[in-house]
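**Q** To start, I am sharing the structure in question, which I have written as structure tokens.
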Amino acid sequence: MNTQLFYPEGSLMETPENMQAVATVQGLLQAQASGRILEARVTTCDSSHNLWVNFPCMRGMIPRTEGAMGISEGELRDIALIARVGKPVCFRVLRIEQDADGIPYAVLSRRIVQEMCTEQFLSALQPGDIVDARVTHLEPFGAFVDIGCGIVSMVPIDAISVSRIAHPSDRFTVGQSVRVIIKGVQGKRICLSHKELLGTWEQNAALFHVGETTCGIVRSVEKYGVFIELMPNLAGLAELRQNVRVGQRTSVYIKALIPEKLKVKLILVDVCEEETRPDPLKYFYQEQHIDRWVYTPEGSGKYIETVFDGTI
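According to my numbering, the sequence shown is numbered sequentially starting from 52.
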């Protein structure tokens with residue numbers, strides 16, 4: 052069973068232990084001696100691409116070559132360091148030095164922490180393991196997430212939810228904490244999924260009842276009707292209506308729930324003009340590992356499953 056050892060950057064920064072350690076020179080020296088991982092927010096990336104952080108007691112510098120795993124080897128471009136300005140970074144304290152004016156500053160390494168994360172945590176993960184992650188940026192084809200100490204992997208758009216979305220921003224926001232499943236490994240790339248944590252058809256349908264009116268989001272407008280999402284893993288079809296646009300929030304009447312056909316029949320009651328933001332995610336699976344997930348109810352005409360056997 053997976054036991055998470057390292058967390059996305061930003062997870063430690065506001066903890067009392069971290070704040071106490073970075074507050075004083077003695078705290079930094081104790082962290083150096085114990086090899087403790089700390090966090091702070093980057094304030095500057097200088098012209099040599101060194102990262103600087105401000106502690107209450109002094110400044111700290113992460114030299115360019117210590118800024119990330121792969122920088123020295125040319126596997127990672129310097130833009131990855133520039134992009135950390137204004138964001139939390141994890142590090143270990145290497146030593147305390149003095150600048151030309153005799154002012155002390157701490158020399159830090161983020162690279163060492165990332166190597167520890169890779170060797171002690173990520174390399175031990177198995178297909179089906181579930182880990183905490185944080186959304187770092189969104190592209191049309193998927194969501195990039197920090198799965199530990201600033202090491203980023205991607206959830207493809209079709210693995211985000213069963214309900215289809217036009218862009219990952221329909222489901223996630225940058226900085227959001229999420230859970231992801233290890234699907235497999237290709238070389239150095241860790242492949243992720245997410246939709247399985249959002250529940251089966253039956254689990255989602257159980258939250259709704261025939262005859263009630265509830266909220267939904269328009270996900271697709273077709274010639275034969277409007278697909279309206281009730282939950283990220285549950286959508287239904289309503290009759291076509293003029294001036295309905297993808298992304299609009301709606302009120303819908305639930306006419307029927309038909310598990311054997313995976314159908315939810317809806318009547319579109321009204322639409323509102325306000326822009327929709329991603330709703331908070333409801334995770335139905337709270338364990339740390341999953342071997343197999345079956346979306347479809349027993350007896351359904353379709354069969355949809357994911358087996359976490361390492362196949363990409």
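Note that the Cβ used here is the ideal one computed from N, Cα and C, for glycine as well. Since we're looking at a predicted model, the values are computed, not measured.
Short of 7 Å in beta carbon distance, which residues of its chain neighbour Ile363, apart from the five on each side in sequence? Order them along the chain.
**A** As a first step, residue 363 must be located in the sequence shown, where it is residue number 312. Only Lys234, Gly235, Gln237 and Cys242 meet the Cβ criterion.
**Q** If we count the other Cβ atoms within 10 Å of its Cβ and call it buried at 16 or more, is Asn255 buried or exposed?
**A** Reading the sequence shown from its first residue, position 204 is the one you call residue 255. It counts as buried.
**Q** Are the CB atoms of His188 and Val136 nearer to each other than 8 Å?
**A** Against the sequence shown, residue 188 aligns to sequence position 137. Against the sequence shown, residue 136 aligns to sequence position 85. Their beta carbons are not under 8 Å apart, which means His188 does not touch Val136 by this criterion.
**Q** If you follow the alpha helix (DSSP H) that Thr66 is in, where does it begin and where does it stop?
**A** Within the sequence shown, the letter at position 15 stands for residue 66. According to the DSSP assignment, Thr66 belongs to no alpha helix (DSSP H), since it is labelled neither H nor E.
**Q** Looking only at C-alpha atoms, which of Pro310, Glu190 and Ala184 sits nearest to Asp209?
**A** Translated into the one-based positions of the sequence shown, residue 209 becomes position 158. Of the candidates Pro310, Glu190 and Ala184, the one whose C-alpha sits nearest the C-alpha of Asp209 is Glu190.
**Q** Does the region 349-357 come into contact with the region 262-270, if we say contact requires no fewer than three beta-carbon pairs (one atom in each stretch) closer than 8 Å?
**A** no
**Q** Leaving aside the five residues before and after Ser174 along the sequence, list all residues of the same chain whose C-beta is less than 8 Å from its C-beta, in chain order.
**A** Numbered from 1 along the sequence shown, position 123 holds the residue referred to as residue 174. None.
**Q** In or out: Ile130 buried (at least 16 other Cβ within 10 Å) or exposed?
**A** As a position in the sequence shown, residue 130 is number 79, starting the count at 1. By the 10 Å Cβ count, Ile130 comes out exposed.
**Q** Hey, would you say Ile232 sits closer than 8 Å to Ile355, going by beta carbons?
**A** As a working note, residue 232 is residue 181 in the sequence shown. As a working note, residue 355 is residue 304 in the sequence shown. Cβ atoms of Ile232 and Ile355: not closer than 8 Å.
**Q** Thinking just about the alpha-carbon of each residue, which of Arg230, Phe57 and Gln299 is nearest to the one in Val186?
**A** Residue mapping note: residue 186 aligns to position 135 of the sequence shown, counting from 1. Nearest option by C-alpha distance: Arg230.
**Q** Put Arg97 into one of helix, strand or coil per three-state DSSP.
**A** As a first step, residue 97 is located in the sequence shown; it is residue number 46 there, counting from the start. In the sequence as presented, Arg is not what sits at residue 97; that position holds Asp. Asp97 sits in coil when the DSSP states are folded into three classes, being neither helix nor strand.
**Q** Looking at Lys246 and Ile211, is the spacing between their C-beta atoms short of 8 Å?
**A** Walking along the sequence shown from the start, residue 211 turns up at place 160. Walking along the sequence shown from the start, residue 246 turns up at place 195. It is a contact, given that the beta carbons lie within the stated cut-off.
**Q** In three-state terms, what does DSSP make of Pro310?
**A** Looking up residue 310 in the sequence shown gives position 259. It is helical.
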